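Per my numbering, the sequence shown runs over residues 166 to 582. Glycine residues also receive a C-beta, built at the ideal position from the N, C-alpha and C atoms. A quick note: this is a predicted structure, and the numbers were derived from the prediction, not measured. Have a look at the structure below before the remarks.
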Amino acid sequence: MHTLAIEGGRPVRPDFLVFGRPLIGEDEIDEVVDTLRSGWIGFGPKAIRFEEDFAAYTQAPYALSVNSATAALHLALIAANVGPGDEVITTTLTFCATANVITHVGARPVFVDVDERTQNIDVSQLEHAITPRTKAIIPVHMCGWPCDMDAIGEIAARHGLTVIEDAAHAAETWYRGKKVGSISPFTAFSFYATKNLTTSEGGMLTITREAAHARLKSMRLHGLDKDAWKRYSPGGFLPYETTEPGYKYNMTDLQASLGLHQLARLERNLITRQQIWACYDTAFANLDCVNTPAVHDTADTRHARHLYTLRLRPEALACSRNEFVQALGAENIGTGIHFIPVHLHRWYREHVGTKRGDFPVAEAIGDTTVSLPLSASMDESDVNDVITAVKKVAKRYLAAGTVFTGAEEPQTYKEAA
Ligand code: T4K
């Protein structure tokens, strides 16, 4: 067996494979240049067109472009009238932004553990977390797999709660024949650099009710009654005023220039990631020291394939997860960890009073999860390098008495035609 790079051997590849490298096409580049040359680089016609295209794609009545999913979630909580003294239920297995926004409106995040198989909020525990102060639920479609929205919607309706979906990972997700974005009153999407659809930074809030859309349209731009595109359109300057103290959360036409073409290529890129995903599944199926993702598409439910996460089996490995990812890094394979559960972060321990032991399933996932590169920008040799590196590291760190069950030859990955 070859010596690990971290122990002085030669890495699997000479250059570093960045985790989450975006795929930016010539169409995006040309559109950005066109915007730069146009003289209108802030919020304007391209952001409006991107909103229309995204609403059509998600089958949502309204889509509001913003500068991040964090801003989208914050605005949704405001529209749901969540404030000091209120509680909002969410999963602890998420990015900190999901919980941070709850504190931004002065409310208290109430965490719930996750289902081991789906890694989504455990609906069987949801109702126990509801109190008279509960105002909203923020389910997160972890890695791109939809939460049990029928059950969540039913519980929310019975208790008069607003559902705000965190679909930061789930632009392409379908749930039982419905497009994510069209199901709940509010759904937040992220267009961060690593996301399936990127505008470098950016986000979208899909909304089902007209009144909420009208209010938030103003709230995302200082609470003004007219945006600059309207004020300076042909016909002369129109005066404006603040109707409510709002936020500076708008998207720009420069960002939308990326988004328009990223959206047009979203389904094609998904096919590429589905192929990479299938390749990983096959390559790691017989590797006893890891578990592959346990959820699979059905006729009417589709995974967005945002994150491919391996679960390490600690009993079969003589290394920690962190040693495993460091060894992969030395082989020049970038990885991610999604996530360290939010209730274990310092601020939440100190201010919400959470501690290790509170949510054992999420903690076990947080301790053993490794996200492998899964980007439409990857080619065949990138995929094969990831597989080779994972097998090389796994074989070296096998616990005493464990037999290496994975073939050492990488699967051959072929790019989509
Ligand atoms: N809800 C959920 C469930 C989320 O996952 C997120 C964000 C949100 C809400 C909030 O969405 P936004 O408000 O951000 O739209 C990141 C991101 O900051 C965050 O957007 C993302 N989730 C979270 C999962 O990851 P980091 O610190 O872990 O990632 P970072 O910035 O180190 O980059 C990851 C990899 O991407 C690196 O290997 C480098 C690579 N990269 C990064 C950039 C910026 C590139 O290849 N190109 C780039 O331009 O936080």
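Would you report the Cα separation of residue i and residue j, rounded to the nearest angstrom?
i: R374; j: W205; result: 30 Å
i: L425; j: G209; result: 13 Å
i: E580; j: Y340; result: Low local confidence applies: a pLDDT of 49 at E580 is under 50, so the model's placement there is unreliable, with the coordinate-based value given in what follows. Approximately 27 Å between the Cα atoms of the pair.
i: W512; j: R273; result: 13 Å
i: R298; j: F569; result: 52 Å
i: Y414; j: R486; result: 37 Å
i: L182; j: G499; result: 6 Å
i: V231; j: G411; result: 13 Å
i: T268; j: T257; result: 14 Å
i: R514; j: G522; result: 12 Å
i: E196; j: L362; result: 16 Å
i: D465; j: V526; result: 28 Å
i: F184; j: T338; result: 22 Å
i: W442; j: K344; result: 21 Å
i: L117; j: E488; result: Residue coverage of the chain in this structure runs from 166 to 582, which leaves residue 117 outside it and unanswerable.
i: H516; j: A262; result: 16 Å
i: C444; j: G271; result: 45 Å
i: Y357; j: E292; result: 32 Å
i: S365; j: P187; result: 9 Å
i: V548; j: R433; result: 18 Å
Going by beta carbon distance, what residues of the same chain come within less than 8 Å of residue i, once the five residues before and after it are set aside?
i: V288; result: D280, C312, D313, A316, I317 and I320
i: L169; result: A492, A495, E496, K557, V558 and R561
i: A245; result: K300, A301, T327, I329, P350 and F351
i: I295; result: I254, I320, H324 and L326
i: Q290; result: V277 and D278
i: D462; result: H468
i: V266; result: T235, L238, H239 and L242
i: L431; result: Y222, A336, E337, N361 and L362
Consider the C-beta atom of residue i and the heavy atoms of the ligand T4K; say whether any pair is separated by less than 7 Å.
i: R186; result: yes
i: A294; result: no
i: D180; result: no
i: V288; result: no
i: T200; result: no
i: S233; result: yes
i: P331; result: The amino acid at residue 331 is misidentified as Pro; the sequence shows Asp. Yes, the beta carbon of D331 sits closer than 7 Å to at least one heavy atom of the ligand T4K.
i: S203; result: no
i: A358; result: yes
i: H334; result: yes
i: S355; result: yes
i: A245; result: no
i: G368; result: yes
i: T417; result: no
i: F260; result: yes
i: H508; result: no
i: G173; result: no
i: T263; result: yes
Excluding sequence positions up to five away, which residues of its chain have a Cβ less than 7 Å from the Cβ of residue i?
i: D180; result: N497
i: K211; result: T200, D418, A421, S422 and L425
i: K391; result: L403 and Y405
In three-state DSSP terms, what is residue i?
i: E281; result: coil
i: A443; result: helix
i: N451; result: coil
i: D180; result: coil
i: V383; result: For the record, residue 383 in the displayed sequence is Ser; it is not Val. Here S383 sits in helix by DSSP.
i: R476; result: strand
i: T299; result: strand
i: P525; result: helix
i: N456; result: strand
i: E488; result: helix
i: V253; result: strand
i: N549; result: helix
i: M314; result: helix
i: L482; result: strand
i: N415; result: strand
Among the residues of its own chain, which have a CB less than 6 Å from the CB of residue i, if the five just before and after it don't count?
i: T283; result: W310 and V460
i: A582; result: Only weak support exists for where A582 lies, its pLDDT of 36 falling under 50; the value from the coordinates is given anyway. Around A582: no qualifying Cβ.
i: P226; result: T373
i: L482; result: C454, Y562 and A564
i: H471; result: C308, G309, H334 and N361
i: L475; result: V455 and V535
i: E409; result: G388
i: F449; result: V455 and T457
i: T567; result: A481
Would you say the beta carbon of residue i is closer than 7 Å to some non-hydrogen atom of the ligand GDP?
i: H468; result: Absence of the ligand GDP is noted for the structure shown, with the ligand T4K being the only ligands found.
Is there at least one Cβ from chain B nearer than 8 Å to residue i's Cβ?
i: T283; result: Note that chain B does not occur in the displayed structure, where there is just one protein chain.
### Query
Along the chain, which unbroken stretches of the beta strand (DSSP E) at least 3 residues long are found entirely within the region 189-240?
227-231
### Query
In chain order, which continuous runs of the beta strand (DSSP E) of length 3 or greater are located wholly inside the region 327-363?
327-331 and 351-355
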